[in-house]
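Colleague: Okay, handing you the structure first.
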Ligand code: MSP
């Protein structure tokens, strides 16, 4: 076994805000990074953002920003999110980093020098959503399987990477290294793809069509295809070609991805590495999809689950625990808040939370928080010890095989054992009959809790450290390790055991159907936080949203806030809007807006307002919503 561990997440596109899928992969990488750190290894954890290509340019245009302004802003959203999810990455790479760009150009030259890049005229079916050419065979009823849109026929002269040359080598490599791509179903998927002849990869885009990319070092009129650029982040970030981190960590690289990007990682990337004379990564670890209502999450369906909203309501560690406990790595999972609430109440509040608090209460009550030296153990104590130490092995084996749910099950078996042990030993009875024996029982309880707290640390670092503080451990979190745990005898509190607020408050579900009625969380202080109520599609359909063109805009005397608008929505409407502080009336005429057309009329400053304009607000001010392209007034927004 090596003493090093290198884990990566995909670098996420900056054209969408982070959602639960991004959070899952990144938390998985974080759990592994913490776990291998605890195992005494030197670790390196990389994440970042993918910032070139058509999609990004389109998103920037929509936001009214230059690509550079846009990528700086959205990349920062990802960078700011990760600490809030307690992500312990060592480095955050951006494909717009000058160093990364130089490495991409260096690799392009190397691959070209190796005779693997050629120039050719090509006519193909191009999907702008995927930013790639499709073969007829790959389409579904003539459409891109991801975007369900017909691709456009494009004829272009481009540079190609001679990927076909590496097909036999790659098949052989995957066959020789059983877990190069894992779990097995994805290995099989890659092999089955390789049964067909591998086509060369178009790796350039003419600048006449796209300028937002890394220029080819040997032809300035082209930029690099976004995937050829992005994959290289895994080596540019640790300092390829000569950086110490690269030399140290690349041989043990573990890529974590979801099944959507198996092909670029499982096929293109090893071929690119081979051509550039670099050893392949160690493992490609592929997980399934989080689905909502049995379908894919997507912005257009409006069912995107935002991690911070869940964290705000349920707490970070509960969220992390749920994601890792409920998904079997490699398979799809259905996300539901109901399942999340059930897990929190059953596993965290009832089982673990109660266990810690009842144990601390007893230590305080019977020994003022300082346990006496134990006497000789009984069979029941030895049984508990064997279970706790046995769980360590099960846990480590599960983590090695990416069986996060199994690792957690092994911990919860011990949690169950310990709760049972306390019930059977009944320390409250011993307190009256046999204080010597009570000391031994309490010693076993706290040694087992010590083990549990270390095992949950990679998953729930904050809660684990709270437990460690509560059970009197001087060293916490990363400062503890697995080797120490095996030496059962030395596990003892360094400080006084103390009481602390409930670790995981129970979630009270309001009403039968929590999704439509809202979920309430009682926090330690008895306050109730309410989650925004979810509405169904019918409720949304009741809104009559229309595109309108402002034909007149006038200030309203005596009002600093309101403006009177005359809006054409196929008929003329008067709408009073609170935008005077944000827009000059002379700028509004001719602009298009979105109107809620079926709002009950209301009188504002003596003017009847028949509708409402939609706007978004952030710390920089109020921004009216407007259709992307000029739209016929009165068109329905749906
Ligand atoms: N930019 C590329 C990756 C380049 S890596 C060299 C990309 N970005 S992405 O923003 O679309 O991220 C895709 C990844 O996000 C998936 O592989 C997975 O890690 C995560 N997920 C996105 N949606 C997901 C689910 N619904 N479920 C689980 N994870 C998913 O592709």
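Residue numbers (the numbering used here): 128 to 765.
Cβ coordinates follow ideal geometry from the N, Cα and C atoms, glycine included.
Let me check one thing: in DSSP terms, what residues is residue 701 bridge-paired to?
Modeller: Reading the chain shown from its first residue, position 574 is the one you call residue 701. BP columns for residue 701 point to 693.
Colleague: Using the Cα positions of residue 649 and residue 700, report the straight-line distance between them to the nearest angstrom.
Modeller: As a first step, residue 649 must be located in the chain shown, where it is residue number 522. As a first step, residue 700 must be located in the chain shown, where it is residue number 573. Note that residue 649 scores a pLDDT of 36, beneath 50, so its modelled location is shaky; the value from the coordinates is reported in the next line. One C-alpha to the other measures close to 46 Å.
Colleague: Take the Cβ of residue 245 as the centre, count every other Cβ of all protein chains shown within 10 Å, and call the residue buried at 16 or more, exposed below.
Modeller: By one-based count along the chain shown, residue 245 stands at place 118. By the 10 Å Cβ count, residue 245 comes out exposed.
Colleague: For residue 659, I'd like the list of residues in its chain whose CB is within less than 7 Å of its CB, leaving aside the five on either flank, ordered along the chain.
Modeller: Residue numbering aside, residue 659 sits at position 532 when the chain shown is read from its first letter. Residue placement at residue 659 is flagged as unreliable, the pLDDT there being 46, under the threshold of 50; the coordinate-derived value follows with that caveat. Excluding residues within five positions, none has a Cβ falling inside 7 Å.
Colleague: Which word fits residue 613, buried or exposed, when buried means at least 16 other C-beta atoms lie within 10 angstroms of its C-beta?
Modeller: For this step, residue 613 is matched to residue 486 along the chain shown. Exposed, by the Cβ-count rule.
Colleague: Use the C-beta contact count for residue 555: other C-beta atoms within 10 angstroms, 16 or more gives buried, fewer gives exposed.
Modeller: By 1-based counting over the chain shown, the position of residue 555 is 428. Burial call: exposed.
Colleague: Reducing DSSP to helix, strand and coil, say where residue 150 ends up.
Modeller: Within the chain shown, the letter at position 23 stands for residue 150. Looking at residue 150 - three-state DSSP - the assignment turns out to be helix.
Colleague: With a threshold of 8 Å, establish whether the CB of residue 340 neighbours any heavy atom of the ligand MSP.
Modeller: One-based indexing of the chain shown puts residue 340 at position 213. No, Cβ of residue 340 sits at least 8 Å from all heavy atoms of the ligand MSP.
Colleague: Quick one, which of 295, 764, 511 and 333 has its alpha-carbon nearest residue 318's?
Modeller: Taking the first residue of the chain shown as 1, we reach residue 318 at position 191. Checked all of 295, 764, 511 and 333; the closest Cα to residue 318 is 295.
Colleague: Hey, which unbroken runs of the beta strand (DSSP E) at 3 residues or more fall wholly within the stretch 302-388?
Modeller: With a minimum length of 3 residues, the continuous beta strand (DSSP E) runs that stay inside the stretch 302-388 are 331-333, 346-351 and 380-385.
Colleague: Check this for me: beta carbons of residue 462 and residue 390, under 9 Å apart or not?
Modeller: As a first step, residue 462 must be located in the chain shown, where it is residue number 335. As a first step, residue 390 must be located in the chain shown, where it is residue number 263. No, Cβ-Cβ distance for residue 462 and residue 390 is not below 9 Å.
Colleague: Express the C-alpha separation of residue 141 and residue 107 in angstroms, rounding to a whole number.
Modeller: In the structure as shown, the chain starts at 128 and stops at 765, and residue 107 therefore has no counterpart that could be examined.
Colleague: In the structure shown, what three-state DSSP assignment does residue 762 receive?
Modeller: For this step, residue 762 is matched to residue 635 along the chain shown. Residue 762 falls in the coil class under three-state DSSP.
Colleague: Relative to the C-alpha of residue 372, which candidate in 496, 516 and 217 has its C-alpha closest?
Modeller: The count along the chain shown starts at 1 and reaches residue 372 at position 245. For the residues 496, 516 and 217, the minimum Cα distance to residue 372 belongs to 217.
Colleague: Give a yes or no on contact between the stretch 249-265 and the stretch 400-415, applying the rule of three or more CB pairs nearer than 8 Å.
Modeller: No, the stretch 249-265 is not in contact with the stretch 400-415.
Colleague: Any idea what DSSP makes of residue 727, helix, strand or coil?
Modeller: Here residue 727 is taken as the residue at index 600 of the chain shown, counted from 1. If DSSP states are grouped into helix, strand and coil, residue 727 belongs with coil.
Colleague: Along the chain, where does the beta strand (DSSP E) that runs through residue 410 open and close?
Modeller: To locate residue 410, count along the chain shown from 1; it is residue 283. 410-414 is the span of the beta strand (DSSP E), which, as asked, contains residue 410.
Colleague: Between residue 668 and residue 420, what straight-line distance do the alpha-carbon atoms span, to the nearest angstrom?
Modeller: For the purposes of this step, residue 668 is identified with residue 541 of the chain shown, where counting begins at 1. For the purposes of this step, residue 420 is identified with residue 293 of the chain shown, where counting begins at 1. Rounded to the nearest angstrom, the two C-alpha atoms are 19 Å apart.
Colleague: Per the DSSP calculation, residue 139 is bridged to which residue(s)?
Modeller: On the chain shown, position 12 is the one that residue 139 refers to. Per DSSP, 176.
Colleague: I'd like to know whether the C-beta atoms of residue 288 and residue 229 end up nearer to each other than 9 Å.
Modeller: Against the chain shown, residue 288 aligns to sequence position 161. Against the chain shown, residue 229 aligns to sequence position 102. Their beta carbons are not under 9 Å apart, which means residue 288 does not touch residue 229 by this criterion.
Colleague: Could you compute how far the alpha carbon of residue 605 sits from the alpha carbon of residue 164?
Modeller: Indexing the chain shown from 1 puts residue 605 at position 478. Indexing the chain shown from 1 puts residue 164 at position 37. Going from the Cα of residue 605 to the Cα of residue 164 covers about 7 Å.
Colleague: So, is residue 586 buried or exposed, given that buried needs 16 or more other C-beta atoms within 10 angstroms?
Modeller: Translated into positions along the chain shown, residue 586 becomes position 459. Buried, by the Cβ-count rule.
Colleague: Compute the Euclidean distance between the alpha carbons of residue 646 and residue 636, then round it to the nearest angstrom.
Modeller: By 1-based counting over the chain shown, the position of residue 646 is 519. By 1-based counting over the chain shown, the position of residue 636 is 509. Annotation note: pLDDT 39 at residue 646 (below 50); position unreliable, coordinate value reported separately. So the alpha carbons of these two residues sit roughly 5 Å apart.
Colleague: Run the proximity test for residue 384: is its beta-carbon closer than 8 Å to any non-hydrogen atom belonging to the ligand MSP?
Modeller: Residue numbering aside, residue 384 sits at position 257 when the chain shown is read from its first letter. Flag set: Cβ of residue 384 near the ligand MSP.
Colleague: Among residues of its own chain, excluding the 5 on either side of residue 503, which ones have a beta-carbon nearer than 8 Å to its beta-carbon?
Modeller: Residue numbering aside, residue 503 sits at position 376 when the chain shown is read from its first letter. 567.
Colleague: Is it right to say residue 180 is buried, meaning 16 or more other beta carbons lie within 10 angstroms of its own, or is it exposed?
Modeller: Working through the chain shown from its first residue, we reach residue 180 at position 53. With 16 or more Cβ atoms within 10 Å of its Cβ, residue 180 is classed as buried.
Colleague: May I ask you to verify whether the stretch 254-266 touches the stretch 376-387, counting CB pairs closer than 8 Å and requiring at least 3?
Modeller: Flag = no, the stretch 254-266 and the stretch 376-387 do not touch.
Colleague: Helix, strand or coil: how does DSSP classify residue 776 here?
Modeller: Lying outside 128 to 765, the shown extent of the chain, residue 776 is not represented and no answer is given.
Colleague: Measure the C-alpha to C-alpha separation of residue 262 and residue 268 and round it to an integer number of angstroms.
Modeller: Along the chain shown, one-based indexing puts residue 262 at 135. Along the chain shown, one-based indexing puts residue 268 at 141. Cα-Cα distance, rounded: 12 Å.
Colleague: Going by the C-beta, is residue 405 closer than 8 Å to any heavy atom of the ligand MSP?
Modeller: Taking the first residue of the chain shown as position 1, residue 405 is located at position 278. No, Cβ of residue 405 sits at least 8 Å from all heavy atoms of the ligand MSP.
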